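Protein sequence lines, in the order shown, are assigned to chains A and B. Per the working numbering, the first sequence runs over residues 1 to 301. Per the working numbering, the second sequence runs over residues 1001 to 1301. Below is one structure, written out as structure tokens, with a few remarks after it.
2 protein chains.
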Amino acid sequence: MNLKETDLNLFVAFDVIYNERNLTKAGQVLGITQPAVSNALSRLRELFDDELFIRSSKGMVPTPVAHQIITDVRNALFLIQNTIAETEKFDPSTAELTFKISIGDSSEYRLLPLLIKELAEIAPNIKVETFFVSRKDAARELAAGNVDFSIDPPLQSDPHLRQEKIYEEEYVMIVRKDHPILKKDTITMDDYLDLSHIHISNRKTGFGQVDMTLYKLGLSRDIVLRAQHFLVAPYVVEQSDLAITTTKGFAMDRNLPWRKLPFDIDPLVLHLYWHESKESDPSSRWMRDLMLKTYGKLQKS
Amino acid sequence: MNLKETDLNLFVAFDVIYNERNLTKAGQVLGITQPAVSNALSRLRELFDDELFIRSSKGMVPTPVAHQIITDVRNALFLIQNTIAETEKFDPSTAELTFKISIGDSSEYRLLPLLIKELAEIAPNIKVETFFVSRKDAARELAAGNVDFSIDPPLQSDPHLRQEKIYEEEYVMIVRKDHPILKKDTITMDDYLDLSHIHISNRKTGFGQVDMTLYKLGLSRDIVLRAQHFLVAPYVVEQSDLAITTTKGFAMDRNLPWRKLPFDIDPLVLHLYWHESKESDPSSRWMRDLMLKTYGKLQKS
DNA sequence: TTGTATTATAAGTTCCATCTATAACAAGAT
DNA sequence: ATCTTGTTATAGATGGAACTTATAATACAA
């Protein structure tokens, strides 16, 4: 055994295979093709004189030897990572880089304007790109570095992701000015269900949080418009008698009248997710702080 | 920064450069040429955006950044090393490998016969090669893996070498049977200095431990024969009136008469040295134990 | 057994770390 | 200053290892 005759790069492949338990997906994370991963695995197998991962219906399951190794490997990679991250200087005023953010549903229109404004002032050469990555792919995309941040409700919990609550806001019902319903100061459940509603979601399928809550109460509302993008919503609301149920901030923002909902619903909570490998990366850390601070400002408004 | 776009193999070069502070010697340890090391260093410099090592009269001196990094790097490499060492199975009865041992001066003829005998019984496919590596090269040769063990007096102390006392034996004076001096049971200093002596050493230069001790007393002896190999000594002693001052074990071994020395001298102490990188290597560990055990047997005789 | 995921193998290609050779450099000796 | 010795850095060429695409083998569920 000798380190200088060992290709240490194999160990990052090992780590990824262990996490994904699927060579094809590991390849996506590593940015190489599946056969390359397969080949790397076979070199690891020779190195350790062990199968390391055995093909089965549950994916590539680690052998005892692989289990034995993984923690040391992870620690080692973390240390190496650190040496680089620690010495990396980061000056937001001159840094030229692009952050890729997966931002789903309704958050984009609220987050971006303020964030871009902040960036323009203190980090003029930092760019932002937003995507929408489906929740089940988020962990892998973050691991692969295709996405730097993901903003999502606190549902999934991949062990390699870090998260922090970034946003919380109560739901209200919003209608156009001079809408007849506004004669009442408090809306009853009957009032609410009599109205026609807009539902915005970029997920094709199923229930949003509002409909889910109603469903649990044995109720359902009349959704007349199901739209993909939030930007259309204000125009529709202003030109019609339709109601939209979304965060209070939306109402304030657009200067639209709103009323409390006639039922209890958990507030909208969003978490900011990032991959553990970026934990101590100075630029990532800086951006995290900025986003949390920026959302903090939004909160107060 | 991203591990998957980083050549981790550079870090073992970094570690060696840090230890050697000399690219040429680092190349010897790594088993590559100096320009290759220089090139690796330049890649490291790009990676860290720092000079890392600055050329000076004292060699390549590490920058603050290099100092900051080194411990993490060493820990990481140690962990990786461990993953391999831990999973390496070692069965002496079937293992086929060769240990290279640097064994200086007089120790070879005492150690080898018994060691070989032990090996033949319990590890028939393990071979041993012995060299003589000068003390100042020992650390580097051990680091490079050109030599697995070195047996030397406990002088040098490279921080990357591990050592354990393996042997200690008192010096005596040995002469042929029926030598006139044997009429006396205790030898005086005058007796000793009147005799002509053999000195065995494979170092070309200067004093051995005996002559050094005499020198400190303001004395010197008459060395008639200075020979390279210990094997010739017994024949010369048996055929002449020359005396040889060496370990008591030599006398017992050859069944030669001996007398205590008329001056105080530290006993011969030998240490077994190995490189820290082999610390947890199963085969190295096994061989260490065997050698210490074998010498233990010698001690008692 | 067929279909749908996978992983493994094969053959060809590209790229980059290494090599040899040489230049540039640092520092002490003359 | 100039030479000498011990270095490190650069240049250009090359070989081999790891990647790619394409395809075969495999596992398992329907």
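Think of the CB as a built atom: it goes at the ideal place given N, C-alpha and C, for glycine as much as any other residue. A quick note: this is a predicted structure, and the numbers were derived from the prediction, not measured.
Within chain B, the residues that residue i reaches when beta carbons sit closer than 7 Å
| i | result |
| --- | --- |
| G31(A) | K1004 |
| I69(A) | T1083, T1087 |
| H50(A) | Sequence inspection shows Asp at residue 50(A); the His mentioned does not correspond to that position. Residues of chain B passing the Cβ test: T1087. |
| V65(A) | T1087 |
Identity of the residue in the options nearest residue i by Cα
| i | options | result |
| --- | --- | --- |
| F1250(B) | E1170(B), E1051(B), I1187(B) | E1170(B) |
| H275(A) | P267(A), L268(A), R288(A) | R288(A) |
| D49(A) | Q1034(B), V1073(B), T1087(B), R1043(B) | T1087(B) |
| L1256(B) | L1225(B), L1195(B), R1176(B), L1182(B) | R1176(B) |
| A1139(B) | S1284(B), D1281(B), S1277(B), G1296(B) | S1277(B) |
| E1168(B) | K1183(B), D1190(B), L1268(B) | L1268(B) |
| L217(A) | I116(A), D264(A), L231(A) | D264(A) |
| P124(A) | F131(A), E96(A), K136(A) | E96(A) |
| V1133(B) | P1282(B), Y1273(B), H1160(B), D1191(B) | Y1273(B) |
| A144(A) | R43(A), I17(A), V65(A) | I17(A) |
| I1032(B) | A1013(B), R1043(B), S1042(B), E1046(B) | A1013(B) |
| A1066(B) | L1041(B), G1208(B), I1084(B), V1210(B) | L1041(B) |
| V1236(B) | V1037(B), D1281(B), S1196(B) | S1196(B) |
| D331(A) | P234(A), D158(A), V232(A), D266(A) | A question about residue 331(A) goes unanswered here, because the residues of chain A that appear run from 1 up to 301. |
| I1223(B) | F1207(B), P1234(B), L1044(B) | F1207(B) |
| K1089(B) | T294(A), L270(A), K183(A), L47(A) | L47(A) |
| P64(A) | L214(A), Q239(A), E51(A), K183(A) | E51(A) |
| K1183(B) | Q1239(B), F1131(B), W1258(B), H1160(B) | W1258(B) |
| D1262(B) | L1214(B), P1234(B), L1270(B) | Per the sequence shown, the amino acid found at residue 1262(B) is Pro instead of Asp. The shortest Cα separation from P1262(B) among L1214(B), P1234(B), L1270(B) belongs to L1214(B). |
Endpoints, the alpha helix (DSSP H) within which residue i is located
| i | result |
| --- | --- |
| D1091(B) | From DSSP, D1091(B) is part of no alpha helix (DSSP H); its letter is neither H nor E. |
| E1118(B) | 1108 to 1122 |
| R176(A) | Element bounds for R176(A): n/a, residue is neither H nor E. |
| E1276(B) | Looking at the DSSP string, E1276(B) is not in any alpha helix (DSSP H), and its letter there is neither H nor E. |
| I17(A) | 9 to 20 |
| T24(A) | 23 to 30 |
| E5(A) | Per DSSP, E5(A) belongs to no alpha helix (DSSP H) and is neither H nor E. |
| S1042(B) | 1034 to 1048 |
Cβ-Cβ separation, residue j to residue i (assumed contact under 8 Å), whole Å
| i | j | result |
| --- | --- | --- |
| P1113(B) | W1286(B) | The pair is not a contact, with the Cβ atoms about 20 Å apart (cut-off 8 Å). |
| D1148(B) | I1101(B) | 6 Å |
| T1186(B) | K1260(B) | 7 Å |
| G1059(B) | R1110(B) | About 38 Å separates the two Cβ atoms, so there is no contact after all. |
| L1193(B) | R1221(B) | 6 Å |
| L290(A) | E108(A) | No, L290(A) and E108(A) are not in contact; Cβ-Cβ is about 17 Å, not under 8 Å. |
Cβ-Cβ distance between residue i and residue j below 9 Å
| i | j | result |
| --- | --- | --- |
| I1151(B) | I1103(B) | yes |
| N39(A) | V29(A) | no |
| D1007(B) | N9(A) | yes |
| I1080(B) | F11(A) | yes |
| F99(A) | E129(A) | yes |
| T245(A) | M173(A) | yes |
| K1165(B) | P1180(B) | no |
| H1199(B) | L1225(B) | yes |
| N1075(B) | A85(A) | no |
| D1015(B) | V1073(B) | yes |
| S1280(B) | N1082(B) | yes |
| Q228(A) | S201(A) | yes |
| L23(A) | Q34(A) | yes |
| T247(A) | L115(A) | no |
The beta strand (DSSP E) enclosing residue i, as first and last residue numbers
| i | result |
| --- | --- |
| V1061(B) | 1059 to 1062 |
| Q163(A) | 161 to 169 |
| R254(A) | From DSSP, R254(A) is part of no beta strand (DSSP E) but of the alpha helix (DSSP H) over 248 to 254. |
| Y1225(B) | Reading the sequence as shown, one finds Leu at residue 1225(B) and not Tyr. Unbroken beta strand (DSSP E) run through L1225(B): 1222 to 1227. |
| F149(A) | 149 to 152 |
| F310(A) | The structure shown does not extend to residue 310(A), since chain A spans only 1 to 301, so no value can be given for it. |
| V133(A) | Neither: V133(A) is in no beta strand (DSSP E) and is coded neither H nor E. |
| S1196(B) | 1196 to 1200 |
Chain-ordered chain A contacts of residue i [CB-CB under 7 Å]
| i | result |
| --- | --- |
| A1076(B) | A76, L79, I80 |
Interface residues of chain A facing residue i [CB-CB closer than 9 Å]
| i | result |
| --- | --- |
| V1073(B) | L79, I80, T83 |
| F1011(B) | L8, I80, T83 |
Per-residue contacts from residue i into chain B (C-beta, under 8 Å)
| i | result |
| --- | --- |
| L47(A) | I1084 |
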